[in-house]
Amino acid sequence: MNDILNGSLAQLIGGLALTLTLAGWAWIRRRHLAAAPAQQVSPLPRQARRYTLLDTPDEDGQPQHLVSTRPAGTVVTRAGASGPQHFELTDAVLPDGSYAAEPLHRFQ
Numbered sequence: 004m005n006d007i008l009n010g011s012l013a014q015l016i017g018g019l020a021l022t023l024t025l026a027g028w029a030w031i032r033r034r035h036l037a038a039a040p041a042q043q044v045s046p047l048p049r050q051a052r053r054y055t056l057l058d059t060p061d062e063d064g065q066p067q068h069l070v071s072t073r074p075a076g077t078v079v080t081r082a083g084a085s086g087p088q089h090f091e092l093t094d095a096v097l098p099d100g101s102y103a104a105e106p107l108h109r110f111q
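Following this note's numbering, the numbering of the sequence shown begins with 4 at its first residue and continues without gaps.
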């Protein structure tokens, strides 16, 4: 019985040392990653979209359009005859293939 305990004691100590080494390495790595500033991953270049400014006719009665690379949800301001007009860019596709820009200035 004594031989079995002596033979397995070396394996037990080795396994414990390996476990402590791996746990220490994981703890140091976790601390290092938490302390490092997050790097910004640059997204793919955005595609230019053509937006139709809803309920905003031009001088000839046609709807006004805006071309932008900004993402949906962005609020843009345009100068109008009655002052600044705010529009929110959306992902809604209109029948002519352009995207809708909803007027916000009418709700303020």
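Note that CB positions come from ideal geometry on N, CA and C, so glycine has one too.
Identify the residues that DSSP records as bridge partners of residue i: which are they?
i, result
"R53", "V70"
"E91", "V78, E105"
Compare the Cα-Cα distances from residue i to each of the options and report the closest residue.
i, options, result
"H68", "E91, L56, A75", "L56"
"P87", "V70, V79, G10", "V79"
"P66", "A37, A104, G17, H35", "A104"
Report the CB separation of residue i from residue j in whole angstroms; it is logged as a contact under 8 Å.
i, j, result
"D58", "P106", "6 Å"
Whole angstroms is fine: what's the gap from residue i's alpha carbon to residue j's?
i, j, result
"I31", "A20", "16 Å"
"G100", "R52", "10 Å"
"N9", "G27", "27 Å"
"F90", "Q50", "19 Å"
"T77", "Y54", "12 Å"
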